[in-house]
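Scroll down for the structure; my scribbles are underneath it.
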Amino acid sequence: MSFFEHLEVLRWHIIRSVIAIFVFALLAFSFYDFVFNQIIMGPKNLDFWTYRMMCKIGDLLNLDGFCVERIPFNIINTELAGQFMLQINSCLLMAVAMGFPYLLFEIWLFIKPALTDIERKSASGFVFYATILFVLGALFGYYIVVPLSVNFLANVSLSEEITNQITIDSYLSTIATLTLGCGIIFLLPILIFILSKLGLMTPQFMRASRRYAVVIILIIAAIITPTADVITLLTVSAPMFILYELSISVSANVHR
78 MSFFEHLEVL RWHIIRSVIA IFVFALLAFS FYDFVFNQII MGPKNLDFWT YRMMCKIGDL
138 LNLDGFCVER IPFNIINTEL AGQFMLQINS CLLMAVAMGF PYLLFEIWLF IKPALTDIER
198 KSASGFVFYA TILFVLGALF GYYIVVPLSV NFLANVSLSE EITNQITIDS YLSTIATLTL
258 GCGIIFLLPI LIFILSKLGL MTPQFMRASR RYAVVIILII AAIITPTADV ITLLTVSAPM
318 FILYELSISV SANVHR
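When we follow this note's numbering, the leftmost residue of the sequence shown carries the number 78, and every step to the right adds one.
Structure, rendered in structure tokens:
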């Protein structure tokens, strides 16, 4: 195929991906009451699953202050089209999250013709494993990182004269960044697999660089979590350490 023929193939993959995102966005729009009240506003409500589990753990272990009793901030809209754009943006974000497996499938269809038979066989589970890792990461971000960050930031008070009035754009972007960011980070073993197949990564190098990886992981966790809470930082870092060790095993299998 010529260069322009490749572009034509790529164009149709992009068109199908856009159509899929549009369909998922319409689906999210149809159930927007559930999307807004249960998903978007969930981490702000005290009956959120994570907060209830924290209260149960606090009562079981007699930990004072572990139970979340208040989230002191109000969500406001400061723009005329703010609530309309909230509906559009939240539906698009939900569409990207729900359509991520299909986007991976389109990527796989595009690169598959360029692979050898051995490469196709070794990468046959790319879409499945990448989807599982992304879903696990997104769930971890939504149910662990987001509520811990919201609870910490909402209870930071420098003065009683300061009232937390959070714009809806800031609230939505925080939830989306933490949730999707964790989902993407959980794809680390897939990235290591690809780099190992290309010969750019070896298990020996990853083991030798473990101390540097610890520092990098802590920096990434600090960027993802907009808090200065050490517990939240370590909570986000822990699965990343596990993913790094898993990536070493993946690279070792490819190397063998």
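Beta carbons are placed, not taken as given, at the ideal position from N, Cα and C, and that holds for glycine.
Every value quoted in this text rests on a predicted model; they were computed, and no experiment measured them.
Asked                                                                                                                                                                                       : Found
What does the alpha-carbon distance come out to for the pair I188 and F80?                                                                                                                  : 14 Å
Residues in the same chain with beta-carbon distance under 8 Å from V86, minus the five sequence neighbours each way, listed in chain order, please.                                        : M78, F187
Relative to the C-alpha of I297, which candidate in A285, R284, T312 has its C-alpha closest?                                                                                               : T312
Quick check: is any heavy atom of the ligand NAP less than 7 Å from the C-beta of E322?                                                                                                     : Absence of the ligand NAP is noted for the structure shown, with no ligands found whatsoever.
Could you tell me which residues DSSP puts in a beta bridge with I239?                                                                                                                      : I239 is not bridged to any residue.
Please go through the same chain and pick out, in chain order, the residues whose beta-carbon is closer than 8 Å to the beta-carbon of I267, but skip the five residues on each side of it. : F203, Y206, A207, L210
For T251, which of helix, strand or coil comes out of DSSP?                                                                                                                                 : helix
At what residues does the alpha helix (DSSP H) containing I269 begin and finish?                                                                                                            : 265–274
Measuring alpha carbon to alpha carbon, tell me which of L138, L157, N228 ends up nearest G119.                                                                                             : N228
Helix, strand or coil for N122 per DSSP?                                                                                                                                                    : coil
Find out if the Cβ-Cβ distance for the pair I148, L123 is shorter than 8 Å.                                                                                                                 : yes
Give me the Cα-Cα distance between D136 and P190, rounded to the nearest whole angstrom.                                                                                                    : 57 Å
Would you mind working out which of M171, F161, F150, I92 sits nearest F111, comparing C-alpha positions?                                                                                   : M171
Apart from the five residues on each side of it in sequence, which residues of its chain come closer than 7 Å, Cβ to Cβ, to S328?                                                           : I269, S273, M278, T279, P280, M283
Can you tell me whether I152 is helix, strand or coil according to DSSP?                                                                                                                    : strand
Tell me the DSSP bridge mates of T244?                                                                                                                                                      : I153
By how many angstroms is the C-alpha of A315 removed from the C-alpha of A299?                                                                                                              : 13 Å
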